[in-house]
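By UniProt numbering, the letter at position 485 of the sequence shown is numbered 485, and the numbering carries on one by one without gaps.
Think of the CB as a built atom: it goes at the ideal place given N, C-alpha and C, for glycine as much as any other residue.
Owing to the predicted nature of the structure, the values given are computational and were not obtained by experimental measurement.
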Amino acid sequence: MPDLVPASLRPTRRRLQALRQAATLVGLLFWASLGWAQSPRHFAVATAHPQASAVGRQILADGGNAFDAAVAVSAALAVVEPYGSGLGGGGFFLLREAANPVRHRFLDARERAPLAATADMYLHDGEVQRHLSLNGPLAAAIPGLPAALVELSKDRGRLPLAQSLAPAIALARQGFAVDAVYRERAGWRLAALRDDAESARLFLHDGDLPSLGHVLRQPELADTLERLAREGRAGFYAGPLARRLVDGVRDAGGIWSLADLAAYRTVEREPLRFTLHNGQQLISAPPPSAGGLAIAQSLGILERLDWRQADHQQRSHLVIEALRRAYRDRGLLGDPDFVAAPLAQLLAPPYLDQLAASVKADRATPSSDLPPTSAWREGDHTTHFTVMDAEGNAVAATLSLNMMFGAAFTVPGTGVLLNDEMDDFAADLHGSNAYGLSASPANAIAAGKRPLSSMSPTFVDGPEVFASFGTPGGSRIPSMVLLGILAYLDDQPTHAWPAVPRFHHQYLPDVVEYEEDAFSGQQLDDLKALGHRLTPMKRAYGNLQVIHWDKRNGTVEAASDPRGIGTALVGN
1 MPDLVPASLR
11 PTRRRLQALR
21 QAATLVGLLF
31 WASLGWAQSP
41 RHFAVATAHP
51 QASAVGRQIL
61 ADGGNAFDAA
71 VAVSAALAVV
81 EPYGSGLGGG
91 GFFLLREAAN
101 PVRHRFLDAR
111 ERAPLAATAD
121 MYLHDGEVQR
131 HLSLNGPLAA
141 AIPGLPAALV
151 ELSKDRGRLP
161 LAQSLAPAIA
171 LARQGFAVDA
181 VYRERAGWRL
191 AALRDDAESA
201 RLFLHDGDLP
211 SLGHVLRQPE
221 LADTLERLAR
231 EGRAGFYAGP
241 LARRLVDGVR
251 DAGGIWSLAD
261 LAAYRTVERE
271 PLRFTLHNGQ
281 QLISAPPPSA
291 GGLAIAQSLG
301 ILERLDWRQA
311 DHQQRSHLVI
321 EALRRAYRDR
331 GLLGDPDFVA
341 APLAQLLAPP
351 YLDQLAASVK
361 ADRATPSSDL
371 PPTSAWREGD
381 HTTHFTVMDA
391 EGNAVAATLS
401 LNMMFGAAFT
411 VPGTGVLLND
421 EMDDFAADLH
431 GSNAYGLSAS
441 PANAIAAGKR
451 PLSSMSPTFV
461 DGPEVFASFG
471 TPGGSRIPSM
481 VLLGILAYLD
491 DQPTHAWPAV
501 PRFHHQYLPD
511 VVEYEEDAFS
521 GQQLDDLKAL
531 GHRLTPMKRA
541 YGNLQVIHWD
551 KRNGTVEAAS
561 DPRGIGTALV
571 GN
């Protein structure tokens, strides 16, 4: 049959591409007009501990929303994971409010330096006394988690705070069974826990690791949670408990004051936003986290390098080179209330073009060849959870203790294990860190300042898909979240996102760390031939928790990292 369509009107490849783009734009505008207002009709919870996941499900089943569940899960993790989070610490909460239009917010509950803190507080005779920023009350910053729990419940929750905290109170009073993970992590901090009588009493058994199945009870923590439930913010940051906290810290050599607790405030910030090539929005952590920037820059570089078309070895090379460049810029950031963050410049298309153009396909770029910025060090013992309710409200929260069991100092009579978050500051501006690198002035200790972090609770949100990502892991957090997002963008199933084998590069030291199953022998040889230095990790790391809501068909899935003991739950 003859073609009756004039040649001038026949669809060329360019016209077809334009038509497809126009159709996609019409679809995007349609969904945008609805404000992405569809609801999943299912809830999902993924946390690092089965009992915390069960608590989140219970609160949702009792009529709570995602914000109530986040309060309950945070408090439960403070009880059953004292090695990873607690009322003596802080964290970041990335929020999705299922209004029309959808609204994303970022609640910064990072700890603040005491008002008596100074830039040289850990220097003695010109040398940093690092143990002072790691163990004991002088290492403790002012906690932010209690304030965040009160505010989430009051401003966004549906249930009374007492109802959301009730499961954690019961866990603390009745106790929980010690598992192998608890024993392993307590073993790493055994000496420090033994050095503090109150911590040894609560978290050890007769001065040694508790046996498997030993029921660990924390009645003082239950009392503190009950006071928080009853009195709200004033129950922790003022009154008798505040005085007991300050007296206990100062009696042991710390520098807290009642004014420190009274002055603490969470900060609601605008999250970092970055548009991906498919029109979806990356929503992640802004400063004082450097993680969101590293993830966004890495994705921006990789999109310019057409990473999807590369084979496994070449793709790994491109990811390493993107991470090398993204981590280099971390030293420019600090607490945004003290230091201006040049995010717009660091995410500008011309700058990302420049970074991508500097990547060589056939060889690694030595980090020494890139203009240097300041370096850092950071503890890696945190926890992460994510929760979404049936209406589409969602929370991704990364909560932190710097070292396992924080400062290993529990304020007597309170059950509050303090965090050694002061160690995340640059303690010696005139010297160097463990890698021989100069510290970042942007992250110097100052009264009331929040230390820089890598914690990176992250959403990918758009008309067709919502996904949530986050993990503990210190400086490795952004690379782990990036690999999870790449698995999503590569159309891998949800359960594969947290399971993907991991590798990491952070500019300096100039070495690629990798899990045992990340590369085959041939791939290792190929990467070495490109000039990469590779070091195997002695153990698996990270604990990624994810949620995936496909808005096109209503499917909701959640997955917990197979490296941990966490549980992912989905229900109606």
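The alpha helix (DSSP H) enclosing residue i, as first and last residue numbers
{"i": "D362", "result": "First-last for D362: undefined, no H or E at that position."}
{"i": "Q51", "result": "P50 to A61"}
{"i": "P478", "result": "I477 to L489"}
{"i": "E184", "result": "A180 to W188"}
{"i": "S298", "result": "G291 to R304"}
{"i": "A166", "result": "L161 to Q174"}
{"i": "A447", "result": "No alpha helix (DSSP H) holds A447; DSSP gives it neither H nor E."}
Whole-number beta carbon distance between residue j and residue i, since they are thought to touch under 8 Å
{"i": "V465", "j": "H42", "result": "Not really, about 15 Å apart at Cβ, beyond 8 Å."}
{"i": "I485", "j": "L299", "result": "7 Å"}
{"i": "A407", "j": "N135", "result": "6 Å"}
{"i": "S468", "j": "T386", "result": "4 Å"}
{"i": "T410", "j": "L245", "result": "Incorrect: roughly 11 Å between the Cβ atoms, too far for contact."}
{"i": "A148", "j": "A109", "result": "4 Å"}
Buried versus exposed call for residue i [16 or more other C-beta atoms within 10 Å across all chains shown]
{"i": "S289", "result": "buried"}
{"i": "N278", "result": "exposed"}
{"i": "T275", "result": "exposed"}
{"i": "L212", "result": "exposed"}
{"i": "D502", "result": "First, the residue type needs correcting, since residue 502 is Arg and not Asp in the sequence shown. R502 is buried by the Cβ-count criterion."}
{"i": "A568", "result": "buried"}
{"i": "G554", "result": "exposed"}
{"i": "N65", "result": "buried"}
{"i": "S456", "result": "buried"}
{"i": "N419", "result": "buried"}
{"i": "S368", "result": "exposed"}
Spatial distance of residue i from residue j (CA atoms)
{"i": "P412", "j": "E198", "result": "6 Å"}
{"i": "R328", "j": "I295", "result": "12 Å"}
{"i": "V215", "j": "S454", "result": "34 Å"}
{"i": "G175", "j": "A394", "result": "29 Å"}
{"i": "P336", "j": "A186", "result": "35 Å"}
{"i": "S560", "j": "F93", "result": "18 Å"}
{"i": "D195", "j": "G88", "result": "18 Å"}
{"i": "V150", "j": "G126", "result": "42 Å"}
{"i": "R158", "j": "M388", "result": "14 Å"}
{"i": "P167", "j": "E268", "result": "27 Å"}
{"i": "G86", "j": "T398", "result": "12 Å"}
{"i": "S520", "j": "A139", "result": "42 Å"}
{"i": "R183", "j": "A191", "result": "13 Å"}
{"i": "Y237", "j": "P101", "result": "35 Å"}
{"i": "H312", "j": "D491", "result": "15 Å"}
{"i": "L544", "j": "H384", "result": "7 Å"}
{"i": "G254", "j": "P143", "result": "14 Å"}
{"i": "T494", "j": "A558", "result": "7 Å"}
{"i": "A322", "j": "L370", "result": "12 Å"}
{"i": "A344", "j": "A446", "result": "25 Å"}
{"i": "R308", "j": "E391", "result": "33 Å"}
{"i": "H131", "j": "E303", "result": "43 Å"}
{"i": "G291", "j": "V339", "result": "17 Å"}
{"i": "A46", "j": "G566", "result": "7 Å"}
{"i": "A262", "j": "Q280", "result": "41 Å"}
{"i": "W549", "j": "E516", "result": "31 Å"}
{"i": "L401", "j": "G84", "result": "5 Å"}
{"i": "residue 628", "j": "S164", "result": "Outside the displayed range of the chain (1 to 572) lies residue 628, so it cannot be described from this structure."}
First through last residue of the beta strand (DSSP E) which encompasses residue i
{"i": "S560", "result": "T555 to S560"}
{"i": "V45", "result": "F43 to T47"}
{"i": "P536", "result": "L534 to P536"}
{"i": "F469", "result": "V465 to G470"}
{"i": "T548", "result": "A quick correction: the sequence has His, not Thr, at residue 548. Segment Q545 to D550, the beta strand (DSSP E) holding H548."}
{"i": "L282", "result": "Q281 to S284"}
heavy atom of the ligand ADP below 7 Å from residue i C-beta
{"i": "S284", "result": "As for the ligand ADP, it is missing from this structure, which has no ligand bound."}
Of all the alpha helix (DSSP H) runs that stay within the bounds of the stretch 61-109, which reach a length of 4 or more residues? The qualifying runs are 66-80.
What are the complete alpha helix (DSSP H) segments, minimum 4 residues, inside the stretch 206-258? Qualifying alpha helix (DSSP H) stretches, in chain order: 219-231, 234-237 and 239-251.
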